[in-house]
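These notes are about the structure you will find just below.
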Amino acid sequence: LGLIWAITEIMHKGKSKEDKESLSVISVLQKIDVASVLFFLGILLAVAALQDIGHLRTVASYLDKTFAGNIFSINIVIGLLSSIVDNVPLVAAAQGMYDIAPVGEFAANGHFWKFLAYCAGTGGSTLIIGSAAGVAAMGLEKIDFMWYLKKISWLAIIGYFAGAASYFLLFLL
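Numbered according to our numbering, the sequence shown spans residues 712 to 884.
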């Protein structure tokens, strides 16, 4: 941050005081939505705690047993979980739960990881609190959670399952 600050000061050295004020690092830092930053920090810390005490691994074992290792079902559930828990820690937890194999569904760029990226990224939008964009929109546009739940969530769920079905059909073909 200090380096960026110094470079910014050098870049705008010859500009007027009014122009410098809007382009300064201080001006940019004042526009940061601190509540959103603290929200995500809290979510990441909470998920790290759950991972450290083993709850996420327990969930992975449960999913494996419940869905008999079916990667599509497991990823659908992980995607729906990402509407409650941020998708970044869920994907990180999945990386810890499932080792990358040399070949097969768990290989790098295998079907599990591609479908996980879709499900975790898109599933987070089923609730407004499940995506970074949703939380930012709540703060900046004053969108109410219940309004989103009633008006938008069902559309997001339809889109989520339609996309998952499309991926599943492409995988079968």
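The beta carbon of each residue, even a glycine, is placed where N, CA and C say it ideally should be.
The stretch 850-870 and the stretch 823-840 touch, with no fewer than 3 CB-CB distances between them shorter than 8 Å. Spanning the alpha carbons of residue 781 and residue 775 requires a straight line of approximately 8 Å. The beta-bridge partner set that DSSP reports for residue 803 is empty. Distance from the Cα of residue 804 is smallest, within the candidate group 783, 828, 816, for 828.
Contiguous beta strand (DSSP E) elements confined to the stretch 774-858 do not occur, taking only those with 3 or more residues. Closest by C-alpha distance to residue 755, out of 800, 789, 719, is 800. Contact between the stretch 841-853 and the stretch 745-764 is present: 3 or more CB-CB pairs across the two stretches fall below 8 Å. In the structure shown, residue 713 falls within a helical segment according to DSSP collapsed to helix, strand and coil. Proximity to residue 875 across 814, 842, 851, 786 peaks at 786, based on C-alpha coordinates. Closest option to residue 867, judged by alpha-carbon separation, among 842, 818, 783, 784: 842.
Looking from the CA of residue 865, the closest CA among 715, 825, 728, 834 belongs to 834.
Under the three-state reduction of DSSP output, residue 765 falls in the coil class, being neither helix nor strand.
In the three-state reduction of the DSSP assignment, residue 884 falls in the coil class, being assigned neither a helical nor a strand state.
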